[in-house]
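A.B. asks: Residue numbers (the working numbering), protein chains in the order written: chain U, 1 to 224; chain D, 1001 to 1243.
Ideal Cβ placement from N, Cα and C applies to all residues, glycine included.
Okay, here's the structure, questions in a sec.
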């Protein structure tokens, strides 16, 4: 096997490729399709995983009941879940999102279960003693204790979700970054693969810097 | 003003009650000290009065002329400030409105009263233990309490910080004339501050003696020492109820 320049294109070639894909509209359309799937899957996984994790933190019965199931789902390879979802639900959007959500929920559950267990009930007693309203107790006493865990779940969640979405798109979608990477893989087009990869990573970094890091700085300012 | 009648208070993980047959009245404007050894159930008693713990047999009934519920302020043994809130936000937390200019002004005034003017924007982790307790006192006062519950407020403070906080507590009580329930295991501290002292036994907590402190204020150390020695000298009666 001999090394060829096409196997690792220069930054200039990749930039040019990103530009070309942007101009012809393909990059933006595929990025948008993937981001929609990432966003929907992430929101659904958080909406289900956070209450489930907190329930397990406060109910010993729920913890005993669900702990084994969560452990099993955490250890099933993402690929198996994706394949099963496509076989059971068909090659459609629902199957893609369901596969991602099922893969992500156990990680959120485990993180938030620890968060729920770490709540300092001495601080909750302050709210009770001073008769602070439930809403204010939630916002000013309870949630701030959960923020580190919510942040961890968000960070690890986004990283995991977009990776799984790409695999699901590669296998069973007709658009999205994963789908396009599959096409370029078949043509052995490394330039195209890297152009899409860098474009998508750029967006994820932008999201991290503009949304998550700002949120983190706002809620964890007291630790600085 | 308030009648405290606790038949039994026990915890789920222990068969023996921590408090048994404990009855006393609280009068408006009085400074009551509750003295007992560590582990006697003093903090449990304060948690019951504060309504933090509602699992007990008995009743805590307030008797006010207008039938209005009594407002309770509490200083726990540890300051229990929210680390993510600034000092100003911690003090405002217990008020009805967080945003009102009036509330913020009052919180600033209270921080000023406890000697922390200018530190309103700091976080609790930037303060010493003594300063954090003063914030906890400002927070308790922000609730405009009819009854202020103080759980060992001077414990583990160094002497200058303890003296400063004791004087502050005394001045605030004299200025506002609310009822104070002051829990401590140190007899001299109770004599220095209180109008009346209840002595608790341990396991389970019961009142074994009540003493009216009829010393003029401000109280002189020699008077405190003399009364302390006299109370300690009453053989057997108070054995084991104070350090």
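List the endpoints of the continuous beta strand (DSSP E) containing residue 196 of chain U.
C.D. replies: Segment 190-207 is the alpha helix (DSSP H) holding residue 196 of chain U; no beta strand (DSSP E) there.
A.B. asks: Mind checking who residue 1058 of chain D pairs with in its DSSP beta bridge?
C.D. replies: Residue 1058 of chain D is bridged to D/1006.
A.B. asks: For the beta strand (DSSP E) containing residue 1196 of chain D, name the first residue and the last one.
C.D. replies: Where residue 1196 of chain D is concerned, the enclosing beta strand (DSSP E) stretches over 1196-1200.
A.B. asks: List the endpoints of the continuous beta strand (DSSP E) containing residue 1020 of chain D.
C.D. replies: Taken as a continuous stretch (DSSP letters only), the beta strand (DSSP E) holding residue 1020 of chain D covers 1019-1026.
A.B. asks: In the DSSP assignment, find the alpha helix (DSSP H) that holds residue 1193 of chain D and state where it starts and stops.
C.D. replies: Residues 1187-1193.
A.B. asks: With contact counted as at least three CB pairs below 8 Å, one residue from each stretch, are the stretch 98-112 of chain U and the stretch 1050-1063 of chain D in contact?
C.D. replies: Not touching, per the Cβ criterion.
A.B. asks: At 7 Å on the CB atoms, spell out the chain U contacts of residue 1094 of chain D, in chain order.
C.D. replies: Here the neighbours are 130, 132.
A.B. asks: Using the C-alpha atoms, what's the distance from residue 89 of chain U back to residue 1079 of chain D?
C.D. replies: Going from the Cα of residue 1079 of chain D to the Cα of residue 89 of chain U covers about 56 Å.
A.B. asks: Hey, does residue 102 of chain U have any beta-carbon neighbour from chain D nearer than 9 Å?
C.D. replies: With 9 Å as the cut-off, residue 102 of chain U does not count as an interface residue toward chain D.
A.B. asks: I'd like to know if residue 1051 of chain D contacts chain U, where contact means its C-beta is closer than 9 Å to some C-beta of that chain.
C.D. replies: True, the Cβ-Cβ gap to chain U drops below 9 Å.
A.B. asks: Within 9 Å (strictly less), CB to CB, does residue 136 of chain U reach chain D?
C.D. replies: True, the Cβ-Cβ gap to chain D drops below 9 Å.
A.B. asks: According to the neighbour-count rule (16 or more other Cβ atoms, all chains shown, within 10 Å of its Cβ), is residue 1152 of chain D buried or exposed?
C.D. replies: Residue 1152 of chain D is buried by the Cβ-count criterion.
A.B. asks: How many whole angstroms separate the CB atoms of residue 1187 of chain D and residue 1228 of chain D, which I take to be in contact at a CB cut-off of 8 Å?
C.D. replies: Contact flag correct, Cβ pair sits at about 5 Å.
A.B. asks: List the residues that DSSP assigns as beta-bridge partners of residue 1151 of chain D.
C.D. replies: DSSP output for residue 1151 of chain D lists D/1183 as bridge partner(s).
A.B. asks: Within 9 Å (strictly less), CB to CB, does residue 123 of chain U reach chain D?
C.D. replies: Chain D, which has a Cβ nearer than 9 Å to the Cβ of residue 123 of chain U, makes this yes.
A.B. asks: How many whole angstroms separate the CB atoms of residue 1022 of chain D and residue 1147 of chain D, which I take to be in contact at a CB cut-off of 8 Å?
C.D. replies: Their Cβ separation, rounded to whole angstroms, is 17 Å, which puts residue 1022 of chain D and residue 1147 of chain D out of contact at 8 Å.
A.B. asks: What does the alpha-carbon distance come out to for the pair residue 164 of chain U and residue 1113 of chain D?
C.D. replies: Approximately 58 Å, taken between the alpha carbons.
A.B. asks: Tell me whether residue 1002 of chain D is buried or exposed, calling it buried when 16 or more other Cβ atoms sit within 10 Å of its Cβ.
C.D. replies: Answer is buried; the Cβ neighbour count reaches 16.
A.B. asks: So, at 6 Å on beta carbons, what are the nonlocal neighbours of residue 180 of chain U in its own chain, with the 5 sequence-adjacent residues on each side left out?
C.D. replies: Only 30, 196 meet the Cβ criterion.
A.B. asks: My assumption, with CB atoms under 8 Å, is that residue 1141 of chain D sits in contact with residue 1154 of chain D. Please give the rounded CB distance.
C.D. replies: The pair is not a contact, with the Cβ atoms about 17 Å apart (cut-off 8 Å).
A.B. asks: Is the distance from the Cβ of residue 219 of chain U to the Cβ of residue 151 of chain U below 9 Å?
C.D. replies: Yes, Cβ-Cβ distance for residue 219 of chain U and residue 151 of chain U is below 9 Å.
A.B. asks: CA-CA distance, residue 158 of chain U and residue 42 of chain U?
C.D. replies: Approximately 7 Å between the Cα atoms of the pair.
A.B. asks: Using the C-alpha atoms, what's the distance from residue 137 of chain U back to residue 1094 of chain D?
C.D. replies: Spanning the two alpha carbons is a distance of roughly 10 Å.
A.B. asks: Near residue 99 of chain U, which residues of its chain fall below 6 Å by C-beta distance, leaving aside the five closest residues on each side in sequence?
C.D. replies: Taken in chain order, the residues that qualify are 81, 82, 85, 168.
A.B. asks: Ordered along the chain, which non-local residues of its own chain (more than five positions away) have a Cβ less than 6 Å from that of residue 73 of chain U?
C.D. replies: The answer, listed in chain order, is 106.
A.B. asks: Does DSSP classify residue 116 of chain U as helix, strand or coil?
C.D. replies: Reduced to three states, the DSSP call for residue 116 of chain U is helix.
A.B. asks: Quick check on residue 102 of chain U: buried or exposed, where buried means 16 or more other Cβ atoms within 10 Å of its Cβ?
C.D. replies: Result: buried.
A.B. asks: Listed in chain order, which residues of the stretch 1137-1157 of chain D have Cβ atoms closer than 7 Å to some Cβ of chain U?
C.D. replies: Listed by position, the residues of the stretch 1137-1157 of chain D near chain U (Cβ gap below 7 Å) are 1143.
A.B. asks: Within this structure, are the beta carbons of residue 1091 of chain D and residue 1139 of chain D separated by less than 9 Å?
C.D. replies: Contact flag set, yes.
A.B. asks: Residue 1063 of chain D: beta carbon under 8 Å from a heavy atom of the ligand ZN?
C.D. replies: The ligand ZN is not part of the structure shown, which contains no ligands of any sort.
A.B. asks: Residue 1099 of chain D CB to nearest chain U CB: under 9 Å?
C.D. replies: With 9 Å as the cut-off, residue 1099 of chain D does not count as an interface residue toward chain U.
A.B. asks: Looking only at its chain, what residues have a beta carbon closer than 6 Å to the beta carbon of residue 1189 of chain D, apart from the 5 residues adjacent to it on each side?
C.D. replies: Excluding residues within five positions, none has a Cβ falling inside 6 Å.
A.B. asks: Hey, which unbroken runs of the alpha helix (DSSP H) at 4 residues or more fall wholly within the stretch 50-80 of chain U?
C.D. replies: With a minimum length of 4 residues, the continuous alpha helix (DSSP H) runs that stay inside the stretch 50-80 of chain U are 60-75.
A.B. asks: Output yes if chain D places a C-beta closer than 9 Å to the C-beta of residue 221 of chain U; else output no.
C.D. replies: Yes - at least one Cβ of chain D is within 9 Å of the one on residue 221 of chain U.
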